[in-house]
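Q: Can you read through this structure? Questions will come right after.
In my numbering, the protein residues as written are 165 to 261.
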């Protein structure tokens, strides 16, 4: 598991962001941080989402609350698309009879 973890300090340095931004995302529940021996890490599976959040914040000046709303709406859209796909599949079953 530790092979998939990236140190928060490395991320802050690479993306040129403050730790407080990462901490605010964590407090909002947008990212999960793993603590090992007092060092903080993020799973590499969250990096693409984190990059989106950084771009929203830096390029569009969206605050943490706005990022939270955007990601909640995107998650809801994904759920609705999946539901629509499932309903279309069920409808096809009835149309074939």
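Note that the Cβ used here is the ideal one computed from N, Cα and C, for glycine as well.
Just checking my contact of residue 172 with residue 206 at CB under 8 Å: how many whole Å lie between their CB atoms?
A: The pair is a contact, with the Cβ atoms about 6 Å apart (cut-off 8 Å).
Q: Does DSSP put residue 172 in a helix, a strand or coil?
A: Note: residue 172 maps to helix in three-state DSSP.
Q: What are the boundary residues of the alpha helix (DSSP H) that includes residue 199?
A: Taken as a continuous stretch (DSSP letters only), residue 199 belongs to no alpha helix (DSSP H), being part of the beta strand (DSSP E) at 198-200.
Q: Put residue 206 into one of helix, strand or coil per three-state DSSP.
A: Three-state result, residue 206: strand.
Q: Does DSSP classify residue 193 as helix, strand or coil?
A: Residue state, collapsed to three classes: coil.
Q: Using only CA atoms, which one of 215, 256, 248 and 187 lies nearest to residue 235?
A: Taking only the C-alpha atoms, the option nearest residue 235 is 215.
Q: Taking only three categories from DSSP, how would you classify residue 226?
A: Three-state result, residue 226: coil.
Q: Is residue 221 closer than 8 Å to residue 183 when the C-beta atoms are compared?
A: No, the Cβ-Cβ distance between residue 183 and residue 221 is not below 8 Å.
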